[in-house]
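A.B. asks: One structure, as structure tokens, below. Some questions next.
Residue numbers (this note's numbering): 2 to 271.
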């Protein structure tokens, strides 16, 4: 009895995922499909008489199976488009915005959120750790490490049922971190979007060298080996030869190149 029930469930599952259209029908749909809601509605009306119970998802799957591939060529946003979007966001619907700008509604919503973060005052700008990764390339695990160390202030965002309370970091907190620990990010080479969103132009020129500490087992037995290294390098300990953290836990920095050679040999001061 149980085997018969399992077989019946498998048959139902296969029927649910079996193609509604033949491959020739899929190709016909793909030729008439352009990815817009209007084309889905048109094809749904056209095929519903032949395929009772047809859903919108059946049309999109058939178009993909028939060879449809969206045109994903990226088009940069212009300053005039940004200004227009900020002006009309509250007064127009998503459909009207998409028609006026010639862009998908989802892309417009995403760009608007990014745009709002750049036009808000520095005190109002907050970013999730994922947004900081997109802006800076620094992994969220590193941002969390900076928070645990007490280097970066953070706050909670809106609660998500799956992920819990999201971590939000203000632009001012990021600036404070980079002022105290400039080795975290090469902000002089940041993208224009990151420089604008995080107001990186406020930061002074970074120092050229940082003092890092190797705490590998051989060096830890000596209390740790501290030495000078280029500010954005992944340094190798001159005493044991092992790679060490790129972060300066001592928060010591120098500008002059000649001063950096003073501690090139092993220096056991932690």
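In this text, a Cβ means the ideal position worked out from N, Cα and C, and glycines have one as well.
Please read all numbers here as calculations on a predicted model, not as lab measurements.
Tell me residue 214's beta-bridge partners as DSSP assigns them.
C.D. replies: As a working note, residue 214 is residue 213 in the chain shown. Bridge partners of residue 214: 227.
A.B. asks: In terms of residue numbering, what span does the alpha helix (DSSP H) encompassing residue 79 cover?
C.D. replies: For the purposes of this step, residue 79 is taken as residue 78 along the chain shown, with counting starting at 1. First-last for residue 79: undefined, no H or E at that position.
A.B. asks: For residue 220 and residue 228, I'd like the C-alpha separation in whole angstroms.
C.D. replies: Here the question's residue 220 lines up with position 219 in the chain shown. Here the question's residue 228 lines up with position 227 in the chain shown. Their backbone Cα atoms lie some 12 Å apart in a straight line.
A.B. asks: Classify residue 97: buried if its beta carbon has 16 or more other beta carbons within 10 angstroms, exposed otherwise.
C.D. replies: Within the chain shown, residue 97 is the residue found at index 96, counting from 1. Residue 97 comes out exposed.
A.B. asks: Measuring CB to CB, does residue 65 end up less than 8 Å from residue 129?
C.D. replies: Stepping through the chain shown from its first residue, residue 65 is reached at position 64. Stepping through the chain shown from its first residue, residue 129 is reached at position 128. Not closer than 8 Å, so no.
A.B. asks: Identify the residues that DSSP records as bridge partners of residue 243: which are they?
C.D. replies: In the chain shown, the residue the question calls residue 243 occupies position 242. Its beta-bridge partners do not exist; DSSP assigns none.
A.B. asks: At which residues does the alpha helix (DSSP H) containing residue 250 begin and terminate?
C.D. replies: Here residue 250 refers to the residue found at position 249 when the chain shown is read from its first residue. Premise fails: residue 250 is in no alpha helix (DSSP H) and is neither H nor E.
A.B. asks: Do you know offhand how far residue 21's Cα is from residue 174's?
C.D. replies: What you label residue 21 is simply residue 20 of the chain shown in a count that begins at 1. What you label residue 174 is simply residue 173 of the chain shown in a count that begins at 1. When rounded, the distance between both Cα atoms is 54 Å.
A.B. asks: Report buried or exposed for residue 99, applying the criterion of at least 16 other Cβ atoms within 10 angstroms of its Cβ.
C.D. replies: Position 98 of the chain shown, counted from the start, is the residue given in the question as residue 99. With 16 or more Cβ atoms within 10 Å of its Cβ, residue 99 is classed as buried.
A.B. asks: Would you please state the rounded distance, in angstroms, between the beta carbons of residue 182 and residue 152? I believe it to be under 8 Å.
C.D. replies: Position 181 of the chain shown, counting from 1, holds the residue named residue 182. Position 151 of the chain shown, counting from 1, holds the residue named residue 152. At roughly 6 Å, the Cβ-Cβ gap stays under 8 Å, so residue 182 and residue 152 are in contact.
A.B. asks: Using the Cα positions of residue 197 and residue 213, report the straight-line distance between them to the nearest angstrom.
C.D. replies: The sequence position of residue 197 within the chain shown is 196, counting from 1. The sequence position of residue 213 within the chain shown is 212, counting from 1. Between residue 197 and residue 213, the C-alpha separation is close to 30 Å.
A.B. asks: With distances taken from CA atoms, which of 189, 93, 218 and 82 is nearest residue 102?
C.D. replies: Counting from one through the chain shown, the residue named residue 102 turns up at place 101. Comparing Cα-Cα distances from residue 102 to each of 189, 93, 218 and 82, the minimum goes to 82.
A.B. asks: Here's the rule: buried if 16 or more other CB atoms are within 10 angstroms of the residue's CB, otherwise exposed. What is residue 236?
C.D. replies: Taking the first residue of the chain shown as position 1, residue 236 is located at position 235. Residue 236 should be labelled buried.
A.B. asks: Per DSSP, which one or two residues make a beta bridge with residue 237?
C.D. replies: By one-based count along the chain shown, residue 237 stands at place 236. Beta-bridge pairing links residue 237 to 244.
A.B. asks: I need the straight-line Cα distance from residue 25 to residue 67, nearest angstrom please.
C.D. replies: Numbered from its first residue, the chain shown carries residue 25 at position 24. Numbered from its first residue, the chain shown carries residue 67 at position 66. One C-alpha to the other measures close to 8 Å.
A.B. asks: Which partner residues does residue 128 have in the DSSP bridge list?
C.D. replies: For the purposes of this step, residue 128 is taken as residue 127 along the chain shown, with counting starting at 1. Bridge partners of residue 128: 170.
A.B. asks: In the DSSP assignment, find the alpha helix (DSSP H) that holds residue 222 and state where it starts and stops.
C.D. replies: Counted from its first residue, the chain shown places residue 222 at position 221. Residue 222 -> no alpha helix (DSSP H), and no H or E assigned at all.
A.B. asks: Output yes or no for whether 8 Å exceeds the beta carbon distance between residue 194 and residue 133.
C.D. replies: Position 193 of the chain shown, counting from 1, holds the residue named residue 194. Position 132 of the chain shown, counting from 1, holds the residue named residue 133. In this structure, residue 133 does not lie closer than 8 Å to residue 194 by Cβ.
A.B. asks: Can you tell me the Cα-Cα spacing of residue 117 and residue 146, whole angstroms?
C.D. replies: Locating residue 117 in the chain shown gives position 116, counting from the first residue. Locating residue 146 in the chain shown gives position 145, counting from the first residue. Each residue's alpha carbon lies about 27 Å from the other.
A.B. asks: So the candidates are 58, 53 and 88; which of them puts its Cα closest to the Cα of residue 40?
C.D. replies: Mapped onto the chain shown, residue 40 falls at position 39. Considering only alpha carbons, the answer is 58.
A.B. asks: In angstroms with no decimal places, state the Cα-to-Cα distance between residue 188 and residue 60.
C.D. replies: Position 187 of the chain shown, counting from 1, holds the residue named residue 188. Position 59 of the chain shown, counting from 1, holds the residue named residue 60. So the alpha carbons of these two residues sit roughly 47 Å apart.
A.B. asks: Using the Cα positions of residue 233 and residue 250, report the straight-line distance between them to the nearest angstrom.
C.D. replies: Taking the chain shown and counting its residues from 1, one reaches residue 233 at position 232. Taking the chain shown and counting its residues from 1, one reaches residue 250 at position 249. Cα to Cα, residue 233 sits roughly 14 Å from residue 250.
A.B. asks: Hey, residue 90 and residue 113: beta-carbon distance below 8 Å or not?
C.D. replies: Position 89 of the chain shown, counted from the start, is the residue given in the question as residue 90. Position 112 of the chain shown, counted from the start, is the residue given in the question as residue 113. The answer is yes: Cβ separation under 8 Å.
A.B. asks: Using the Cα positions of residue 149 and residue 155, report the straight-line distance between them to the nearest angstrom.
C.D. replies: Looking up residue 149 in the chain shown gives position 148. Looking up residue 155 in the chain shown gives position 154. Going by the C-alpha atoms only, they are around 10 Å apart.
A.B. asks: Using the C-alpha atoms, what's the distance from residue 216 back to residue 254?
C.D. replies: Locating residue 254 in the chain shown gives position 253, counting from the first residue. Locating residue 216 in the chain shown gives position 215, counting from the first residue. Spanning the two alpha carbons is a distance of roughly 19 Å.
A.B. asks: Grab the span of the alpha helix (DSSP H) containing residue 140 for me, first residue to last.
C.D. replies: Stepping through the chain shown from its first residue, residue 140 is reached at position 139. First-last for residue 140: undefined, no H or E at that position.
A.B. asks: By a C-beta neighbour count over all protein chains shown, 10 Å radius and 16 as the cutoff for buried, is residue 171 buried or exposed?
C.D. replies: One-based indexing of the chain shown puts residue 171 at position 170. Looking at its Cβ environment, which holds 16 or more other Cβ atoms inside 10 Å, residue 171 is buried.
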